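Terminal number for the first sequence in the UniProt record's numbering: 259, no gaps in between. Below: the structure, in structure tokens.
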Amino acid sequence: MRVATWNINSLKARLDRVLAWLDAAGADVVCLQELKCATADVPADAFAAAGYETAAWGTGRWNGVAILSRVGLTDIREGLTGQPQFGGETEPRAIAATCGPVRVQSLYIPNGRDTADPHFPYKLAFLQALAADAAKDAAAGVPFAAMGDYNICPTDDDLWDIDAWTGTTHVTADERDALAAVQAAGLADVYPRALKYDRPFTFWDYRNLDFPKNRGMRIDLALANPAFKDAVTDAYVDRNERKGKGASDHAPLVVDLDL
DNA sequence: ATGCCTTCGATCCGAAGA
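Structural data, given as structure tokens:
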């Protein structure tokens with residue numbers, strides 16, 4: 001089976017491309033982030049016409065996560081146990097479901113904005129809650145992956161130029177330590193192939209010709225428990241989806257499983 | 001061509017993204 005995660009940067013603005021990609025990619029389960037629309041506005045009928053059931057949680061302009069599945073969609077759970085709030089709100093940044101033989105968590109980790117911004121400790125607290133929340137699923141025999149936009153480059157090689165990012169979010173020791181704690185809960189990084197160049201970046205800023213110049217970052221990750229990881233036969237970043245007019249600034253991460 | 005940012009909601013700009 002094929003599982004994918006993709007930050008689409010607005011479902012409304014991206015719907016045609018998402019539907020075209022679903023038709024072309026043949027994924028059985030797709031985790032989406034940054035819906036930027038309310039749950040009621042998610043076009044579940046369009047996904048149903050494409051053969052997918054939909055579980056979505058969105059509140060409007062920001063954030064929003066979903067799982068699409070054509071192999072079953074049960075035991076849906078919104079949010080994390082102990083999920084921290086921001087601005088008094090529990091933001092739609094996590095949704096989990098069981099899809100046939102696998103369980104997946106679709107995640108949009110807070111950006112952090114700046115190390116001095118309140119969003120930064122919120123990001124670290126969110127990751128801490130994720131580590132605790134995922135531990136039980138990680139230890140279970142069911143293949144499980146916590147997939148999505150982590151907004152962290154795991155290593156200096158996971159972005160185009162570490163010297164241009166020193167002291168900024170996404171590369172700090174605090175964030176990498178928090179990511180390591182999630183992995184310590186029993187989840188390993190499924191490192192994908194790049195379809196071009198040497199590194200499998202998943203995000204390129206819209207500005208400054210970052211995509212043509214391959215100034216990218218690997219921030220979309222699939223963290224998998226042993227049962228999931230042992231079944232992986234291939235993984236790659238579909239950078240072709242970053243091309244052309246109307247692209248998201250993220251490319252899909254695709255994982256193939258012998259399940 | 002992979003091409004100089006895009007999105008939303010509220011108004012004709014600002015905030016957010018990473």
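Glycine included, every Cβ here is placed at the ideal spot set by N, Cα and C. Note that the coordinates shown come from a computational prediction; the quantities given were computed from them, not determined experimentally.
When the options are compared against residue i, the one with the closest alpha-carbon
i, options, result
"ARG193", "GLY72, ALA251 and PHE47", "ALA251"
"GLN85", "PRO110, ARG61, MET1 and GLN105", "PRO110"
"LEU127", "TYR197, LYS196 and ALA180", "ALA180"
"GLY141", "GLU34, ALA24, ASN9 and LYS229", "LYS229"
"ILE219", "ASP75, LEU253, CYS99 and ALA145", "LEU253"
"VAL171", "VAL182, ALA184 and ASP157", "ASP157"
"TRP204", "GLU241, ALA227 and TYR191", "GLU241"
"LEU81", "TYR197, ARG93 and LEU73", "Checking the displayed sequence, the identity of residue 81 turns out to be Thr instead of Leu. THR81 has its Cα closest to that of ARG93, out of TYR197, ARG93 and LEU73."
"PHE201", "LEU35, ALA164, LEU257 and LEU159", "LEU159"
"GLY244", "TYR206, TYR122 and LEU257", "TYR206"
"ASN9", "LEU35, TRP57 and VAL3", "LEU35"
"ARG61", "GLN33, VAL190 and PHE120", "GLN33"
"THR5", "ILE76, MET147 and GLY112", "MET147"
"TYR52", "GLU78, GLY100 and GLY79", "GLY100"
"GLN83", "ILE76, ALA132 and PHE120", "ALA132"
Backbone CA spacing between residue i and residue j [nearest angstrom]
i, j, result
"ASN225", "ALA96", "15 Å"
"THR169", "VAL42", "31 Å"
"LEU221", "ARG239", "15 Å"
"ALA125", "SER248", "27 Å"
"GLY72", "ALA185", "27 Å"
"TRP21", "ARG2", "13 Å"
"VAL255", "LEU195", "13 Å"
"THR155", "LEU130", "20 Å"
"ALA24", "GLY216", "24 Å"
"ASN63", "THR90", "11 Å"
"ALA134", "ASP163", "33 Å"
"LEU257", "ALA227", "11 Å"
"THR59", "LEU11", "13 Å"
Per-residue burial, residue i [other beta carbons within 10 Å of its own, 16 or more giving buried]
i, result
"ASP161", "exposed"
"PRO212", "exposed"
"GLY87", "exposed"
"THR98", "buried"
"GLY167", "exposed"
"LYS123", "buried"
"LEU107", "buried"
"ALA145", "buried"
"ALA139", "exposed"
"TYR191", "exposed"
"ASP198", "exposed"
"GLY112", "buried"
Whole-number beta carbon distance between residue j and residue i, since they are thought to touch under 8 Å
i, j, result
"LEU223", "GLN183", "6 Å"
"LEU19", "ALA55", "No, LEU19 and ALA55 are not in contact; Cβ-Cβ is about 18 Å, not under 8 Å."
"VAL102", "LEU259", "7 Å"
"ASN57", "THR39", "It should be noted that the sequence gives Trp, not Asn, for residue 57. Correct: roughly 6 Å between the Cβ atoms."
Check: residue i C-beta below 8 Å from any heavy atom of the ligand FMN
i, result
"ILE76", "By its list of ligands, the structure shown contains no ligand whatsoever, and the ligand FMN lies outside what it can speak to."
For this session: May I ask you to verify whether the stretch 58–76 touches the stretch 29–41, counting CB pairs closer than 8 Å and requiring at least 3?
Result: yes
Problem set entry | Contact the stretch 231–248 vs the stretch 112–119: 3+ CB pairs below 8 Å | no
Exercise. Is the number of C-beta pairs between the stretch 150–162 and the stretch 175–184 that are closer than 8 Å three or more?
Worked result: yes
Exercise. Can at least three beta-carbon pairs, one atom from the stretch 40–56 and one from the stretch 4–22, be found at a separation below 8 Å?
Worked result: yes
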